[in-house]
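These notes are about the structure you will find just below.
Number of protein chains: 2
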Amino acid sequence: MPADLPKSRAPSIRDVARLAGVSHQTVSRVLNNHPSIRDSTKARVQQVMDDLQYRPNRAARALSRGTSRTIGVLSASSSQYGPASSIAAIQDAAREAGYYVNTANLTSVDPETIEAALDHLMLQSVEGIVVIAPQMRVFDVLEQLSIAVPYVTLQSTGSLNEHGLSFDQISGARAATRHLIDLGHRNIYHLAGPQDWIEAEARMRGFLDEMGAMDVPTTAPILGDWTADFGYHAGRELLRVRDFTAIFSSNDQMALGLMHAIRDAGLSIPGDVSVVGFDDIPEAAHFWPPLTTVRQDFPELGRRCMALLLDDISPGPGEHREAIIPELVVRASTGPPAF
Amino acid sequence: MPADLPKSRAPSIRDVARLAGVSHQTVSRVLNNHPSIRDSTKARVQQVMDDLQYRPNRAARALSRGTSRTIGVLSASSSQYGPASSIAAIQDAAREAGYYVNTANLTSVDPETIEAALDHLMLQSVEGIVVIAPQMRVFDVLEQLSIAVPYVTLQSTGSLNEHGLSFDQISGARAATRHLIDLGHRNIYHLAGPQDWIEAEARMRGFLDEMGAMDVPTTAPILGDWTADFGYHAGRELLRVRDFTAIFSSNDQMALGLMHAIRDAGLSIPGDVSVVGFDDIPEAAHFWPPLTTVRQDFPELGRRCMALLLDDISPGPGEHREAIIPELVVRASTGPPAF
DNA sequence: CGTTCGAATGTGCACGGTCACAATTGTGGA
DNA sequence: TCCACAATTGTGACCGTGCACATTCGAACG
Numbered sequence: 001m002p003a004d005l006p007k008s009r010a011p012s013i014r015d016v017a018r019l020a021g022v023s024h025q026t027v028s029r030v031l032n033n034h035p036s037i038r039d040s041t042k043a044r045v046q047q048v049m050d051d052l053q054y055r056p057n058r059a060a061r062a063l064s065r066g067t068s069r070t071i072g073v074l075s076a077s078s079s080q081y082g083p084a085s086s087i088a089a090i091q092d093a094a095r096e097a098g099y100y101v102n103t104a105n106l107t108s109v110d111p112e113t114i115e116a117a118l119d120h121l122m123l124q125s126v127e128g129i130v131v132i133a134p135q136m137r138v139f140d141v142l143e144q145l146s147i148a149v150p151y152v153t154l155q156s157t158g159s160l161n162e163h164g165l166s167f168d169q170i171s172g173a174r175a176a177t178r179h180l181i182d183l184g185h186r187n188i189y190h191l192a193g194p195q196d197w198i199e200a201e202a203r204m205r206g207f208l209d210e211m212g213a214m215d216v217p218t219t220a221p222i223l224g225d226w227t228a229d230f231g232y233h234a235g236r237e238l239l240r241v242r243d244f245t246a247i248f249s250s251n252d253q254m255a256l257g258l259m260h261a262i263r264d265a266g267l268s269i270p271g272d273v274s275v276v277g278f279d280d281i282p283e284a285a286h287f288w289p290p291l292t293t294v295r296q297d298f299p300e301l302g303r304r305c306m307a308l309l310l311d312d313i314s315p316g317p318g319e320h321r322e323a324i325i326p327e328l329v330v331r332a333s334t335g336p337p338a339f
Numbered sequence: 340m341p342a343d344l345p346k347s348r349a350p351s352i353r354d355v356a357r358l359a360g361v362s363h364q365t366v367s368r369v370l371n372n373h374p375s376i377r378d379s380t381k382a383r384v385q386q387v388m389d390d391l392q393y394r395p396n397r398a399a400r401a402l403s404r405g406t407s408r409t410i411g412v413l414s415a416s417s418s419q420y421g422p423a424s425s426i427a428a429i430q431d432a433a434r435e436a437g438y439y440v441n442t443a444n445l446t447s448v449d450p451e452t453i454e455a456a457l458d459h460l461m462l463q464s465v466e467g468i469v470v471i472a473p474q475m476r477v478f479d480v481l482e483q484l485s486i487a488v489p490y491v492t493l494q495s496t497g498s499l500n501e502h503g504l505s506f507d508q509i510s511g512a513r514a515a516t517r518h519l520i521d522l523g524h525r526n527i528y529h530l531a532g533p534q535d536w537i538e539a540e541a542r543m544r545g546f547l548d549e550m551g552a553m554d555v556p557t558t559a560p561i562l563g564d565w566t567a568d569f570g571y572h573a574g575r576e577l578l579r580v581r582d583f584t585a586i587f588s589s590n591d592q593m594a595l596g597l598m599h600a601i602r603d604a605g606l607s608i609p610g611d612v613s614v615v616g617f618d619d620i621p622e623a624a625h626f627w628p629p630l631t632t633v634r635q636d637f638p639e640l641g642r643r644c645m646a647l648l649l650d651d652i653s654p655g656p657g658e659h660r661e662a663i664i665p666e667l668v669v670r671a672s673t674g675p676p677a678f
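In the order they appear, the protein sequences are chains A and B. Residue numbering for the first sequence follows the numbering used here, starting at 1 and increasing by one per position. Residue numbering for the second sequence follows the numbering used here, starting at 340 and increasing by one per position.
Have a look at this one:
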């Protein structure tokens, strides 16, 4: 038995080749499932690879192929339930497709930060980008930098450009609004997401559209920041006037804060005020009272998004781009208004 | 002006070198801030790089240097608030240090899945791994595979091995338990996390330790799965007997479900039952009633974890490994027992 | 003015794969 | 038996960057 030289370097295909008595190219063929390899040869090579615990070097492969098999994710508020579950789904889908995922977080939304994050991604020669913080501004920067790779976004309205995955937020918001109107509410407030966020915009539009269609007078939506804290403070402010019987919040966290403020004021839900949220986070069913909300299937969204992007990178069978229709989940936080 | 040949390939250092009238090595030196470069030369090269929109090729660099500057994150339940915020912090810290992060999700905990996820990470030649799903089993697999790179874990007790970052979960849990005992409770249940999770184990230990130290008789903890749904169902079961006045839940989500069940049974919180959670997720302050809980600084945890790992990869000034002490946040969900 | 030495720059190759092409082997039909 | 042709395997170059070493430059010094 020849001495097993204790080389410090990890084994390469040439090491495998030498021990298997073949050329390095043959080893490469085994790695890539080339059709024309004799079974016996393949087995022998495989055996040596196992013995050596050989791992292909990704950098070398990327360099030589000129392709990184990495996609980038640009995300804001990635610790929130929605984005986080989408990211997880994207990662799983990517891994399944043999891709790697690299995430860059947006801590703020000024152009410099966005550009820095994009730079970080581009530096890794990503082949595509998924944008999860669909702020208008991000797209401006994307367009302006004339990004050289395909990109898609989650949670857009689908109307922005060809890159968006249509999740029909508008009809989700309309359904929620319609639910309140059907119950008999006429004085309804809308607690919207931050200005500049595409999904906040879409939900607000859905609200306004439905109110308009049903001929119910509206007040200007309040722009929030998605947090429960904001919902609480907004609620306190609103309750000083108390000229409404229902509120549609554009996410569940703000709805939670809102309900907190309403109870603090000694009012009952839904007796005095009905509340509707958006997202259906897993906790929503256990809020007090359990929250009526609009369910979004974030993981499915992530998967679809990934499929879309992969299709852009290397056109395949063509993905179904039809919109996902969100579903209204009626729980105990809504009821007819008291007069 | 020479024709600007429309090459399809991205510019390389040699392209830059040619246009700047220097050797490719000089360009490389500019890239790496080599000290011995004449300012004028440096400026000229930089100019050409800007003109060409030159981006260094990461794969080539990794191949040549033999280092990927990538760290891997192995994570379970990455869509939950705690892990998600830690991951975000890790990514930020890594980016700041010039590292890239690649995440692999664990959808289940059987050895094959863990091994596959690790494989995925190793295939990218990561230089270090952060384990966020600190299940015992994961460590077994890690040890067994004799992973060739340093790794650290969040949220361990610090006692497991030298890889753990000490977040003193035990004293956090003790503080929570002590709070209940001090209020006068003597019949206290503990709703623990899943078996095999290190942090669940640590919190349980803290609970049992404190109960023992204060000479309060204990019942066996109930093993949950971190979800609000589980908390709700566990609560319903427990209330059929109702031989307790307080419950310490090992996370906020389960505490939420628990409170839901308690209210469903027509009982009041904290009048009939006091509830304590763990984590202090942003929503906890707006639960009904606002939840007494133990605050964990997840972002700080992520940052520290990253510092530790980077220090392992290339020993530096030596990081402070002292434990983070969690803080008890008393809100309205706890009070003295009614007799 | 030649020498010396450090600063600044250039040369060639290695890294570990893949690609294009060449060479060899194997198989069936004339 | 010999040849055409496909299946299988080998050869060498190349991807873009960094390293080790060689070379040139420039200023200070004897």
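C-beta: ideal position from N, C-alpha, C; glycine also. Here the structure is a predicted model, which is why all the values come from computation and not from measurement.
Any C-beta of chain B under 9 angstroms from that of residue i
| i | result |
| --- | --- |
| A/Q80 | yes |
| A/M49 | no |
| A/P282 | yes |
| A/H24 | no |
| A/A84 | yes |
| A/V330 | no |
| A/R58 | yes |
| A/L256 | yes |
| A/L160 | Note that A/L160 has pLDDT 42, beneath the 50 cutoff, so the model's placement of it is unreliable and no number is given. |
| A/P270 | no |
| A/R55 | yes |
| A/Q169 | no |
| A/H34 | no |
Neighbourhood of residue i by C-beta distance below 6 angstroms, restricted to the same chain and skipping five residues each side
| i | result |
| --- | --- |
| A/G72 | N102, L121, V126, I129 |
| A/A192 | A200, M204, P221, L223, S250 |
| A/L160 | Legend: pLDDT at A/L160 = 42, less than 50; position of this residue unreliable, no value from coordinates given. |
Residue i at chain A interface by Cβ criterion, 9 angstroms
| i | result |
| --- | --- |
| B/A450 | Residue identity check: residue 450 of chain B is Pro in the sequence provided, not Ala. With 9 angstroms as the cut-off, B/P450 does not count as an interface residue toward chain A. |
| B/D431 | yes |
| B/P345 | Caution applies to B/P345, whose pLDDT of 46 falls short of 50 and renders its modelled position unreliable; the value that the coordinates give is listed next. No - not a single Cβ of chain A is within 9 angstroms of the one on B/P345. |
| B/A604 | no |
| B/S589 | no |
| B/S672 | no |
| B/W536 | no |
| B/I426 | yes |
| B/R353 | no |
| B/P350 | no |
| B/Q483 | no |
Sequence-distant residues of the same chain with beta carbon closer than 7 angstroms to residue i, five excluded per side
| i | result |
| --- | --- |
| B/V488 | V465, E466, G467, I468 |
| A/R242 | none |
| B/T558 | Y528 |
Beta-carbon separation (whole angstroms), residue i vs residue j, contact threshold 8 angstroms
| i | j | result |
| --- | --- | --- |
| B/F569 | B/D591 | About 13 angstroms; that fails the 8 angstroms criterion. |
| A/P341 | A/A202 | Residue 341 of chain A falls outside the range modelled here, since chain A spans only 1 to 339, and no answer is possible. |
| B/V615 | B/L519 | 6 angstroms |
| A/V22 | A/L74 | Contact doesn't hold; Cβ gap of about 44 angstroms is too wide. |
| A/R174 | A/G212 | 10 angstroms between Cβ atoms; not a contact. |
| A/A76 | A/L106 | 4 angstroms |
| A/V329 | A/D280 | 6 angstroms |
Bridge partners - residue i, DSSP secondary structure assignment
| i | result |
| --- | --- |
| A/N102 | A/G72, B/N441 |
| A/I247 | A/Y189, A/V275 |
| A/W197 | A/Q135 |
| A/T293 | A/V329 |
| B/Y490 | B/I468 |
Own chain, CB closer than 8 angstroms to residue i, minus 5 neighbours either side, in chain order
| i | result |
| --- | --- |
| B/P395 | I352, L370 |
| B/L391 | P350, D354, V355, L358 |
| A/A338 | T245, G271, D272 |
Selection of the region 436-448 of chain B by Cβ proximity to chain A, strictly under 9 angstroms:
Using a CB distance below 9 angstroms, the part of the region 436-448 of chain B facing chain A consists of Y439, V440, N441, T442, A443, N444, T446, ordered along the chain.
If the cut-off is 7 angstroms on Cβ atoms, which residues from the region 292-309 of chain A count as contacting chain B, listed in chain order?
With the criterion set as a beta carbon lying under 7 angstroms from some beta carbon of chain B, the region 292-309 of chain A has no members that meet it.
Output, in sequence order along the chain, the residues in the region 556-568 of chain B whose CB is closer than 8 angstroms to any CB in chain A.
Look at the region 556-568 of chain B: the residues with a C-beta under 8 angstroms from a C-beta of chain A are T566, A567, D568.
May I ask you to list, following chain order, the residues of the region 228-246 of chain A that have a beta carbon less than 9 angstroms from some beta carbon of chain B?
Listed by position along the chain: A228, D229, G231, Y232.
Counting only Cβ-Cβ distances shorter than 7 angstroms, please list the residues of the region 62-76 of chain A near chain B, keeping chain order.
Against chain B - using a Cβ distance shorter than 7 angstroms - the residues of the region 62-76 of chain A are A62, L63, S68.
When Cβ atoms are compared, which residues of the region 451-480 of chain B fall closer than 8 angstroms to chain A?
Of all residues in the region 451-480 of chain B, H459, M461, L462, Q463, S464 have a Cβ within less than 8 angstroms of some Cβ in chain A.
Members of the region 176-192 of chain A near chain B, C-beta cut-off 9 angstroms:
The residues in question: there are none.
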